[in-house]
DNA sequence: AGTAAAGTTAAGTGATCACTTAAGTGACTT
DNA sequence: AAGTCACTTAAGTGATCACTTAACTTTACT
């Protein structure tokens, strides 16, 4: 769960494509087969496979095959890793803004005491 | 603040590169000049410029030039947009797991009542 | 005026992407 | 046994990436 650069690279790259985000949105409502995932998109099945491969190697998704159907499901941890990287940035950013606000407040008070 | 696909594409693509994530990490601690941002990386300045351009067109970052120094700072909203897309997926995913848990519980209770 | 600093533009290159069509491979159906 | 279904692999293509070196453009300093 550490800040593994290569895994974040792949996760964010996977998220950068609207087809793959669409698949993740579908999968966040439950597992689906390859052809179910393909339905909303006007691309060939091989293209779908390539998107799925990107999602799998990023760790955002996993799948098992039973008979001739492959069932794909979301993987909680990779999603959380990407999310928490962003949250960390926002928190640092907000902490800085708070310090800045303190600074502004202190200046304002100085000015007030000048009058 | 709506789910603008093109803007999410660019934001996540920008986040997929470790150099750009490094710059964002630096910027979450406060504004910096172009050459300050370049320091931690062993790449040419033009390469740095290109990363900055990616960050700017993604909306994650903005900058102004004063004299010969360009100062870059984080833009709160684009960061929040990417973060909230991920949060939404996780929430849906968790809601589904809760429903599944309810289902498992109900099954278990049925089994218990069988005994 | 002359030089250095900080950034910027242009052009080229090898690698990776997102797609396609064509040709399989197994697994259920009839 | 033959046909169909649900993928899967392979190979090729045009576009976009991440870099580089070389050549400027603006400020600022002496």
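Chains as they are written, first to last, in our numbering: chain C, 56 to 170; chain G, 56 to 170. By construction, the Cβ of each residue, glycine as well, lies at the ideal position given by its N, Cα and C atoms.
Residue i to residue j, Cα distance in whole Å?
| i | j | result |
| --- | --- | --- |
| residue 99 (chain C) | residue 115 (chain C) | 22 Å |
| residue 75 (chain C) | residue 129 (chain C) | 12 Å |
| residue 152 (chain G) | residue 63 (chain C) | 25 Å |
| residue 73 (chain G) | residue 80 (chain G) | 10 Å |
| residue 103 (chain C) | residue 89 (chain C) | 8 Å |
| residue 113 (chain C) | residue 138 (chain C) | 14 Å |
| residue 122 (chain G) | residue 68 (chain C) | 36 Å |
| residue 105 (chain G) | residue 97 (chain G) | 14 Å |
| residue 148 (chain C) | residue 117 (chain C) | 34 Å |
| residue 150 (chain G) | residue 82 (chain C) | 12 Å |
| residue 101 (chain G) | residue 85 (chain G) | 23 Å |
Which residue wins for smallest C-alpha separation from residue i, given the options the options?
| i | options | result |
| --- | --- | --- |
| residue 144 (chain G) | C:66, C:134, C:150 and C:121 | C:134 |
| residue 109 (chain C) | C:154, C:71 and C:60 | C:71 |
| residue 126 (chain G) | G:141, G:77, G:87 and G:132 | G:87 |
| residue 66 (chain G) | G:92, G:94 and G:136 | G:136 |
| residue 124 (chain C) | C:142, C:91 and C:131 | C:91 |
| residue 95 (chain G) | G:111, G:142 and G:77 | G:77 |
In three-state DSSP terms, what is residue i?
| i | result |
| --- | --- |
| residue 110 (chain G) | helix |
| residue 72 (chain G) | coil |
| residue 168 (chain C) | For residue 168 (chain C), the pLDDT reaches just 46, beneath the cut-off of 50, and the residue's location in the model is therefore unreliable, although a value from the coordinates is still provided. In this structure, residue 168 (chain C) counts as helix in the three-state DSSP scheme. |
| residue 132 (chain C) | helix |
| residue 101 (chain C) | helix |
| residue 67 (chain G) | helix |
| residue 62 (chain C) | helix |
| residue 139 (chain C) | helix |
From the DSSP output, read off the bridge partner residues of residue i.
| i | result |
| --- | --- |
| residue 126 (chain C) | C:88 and C:119 |
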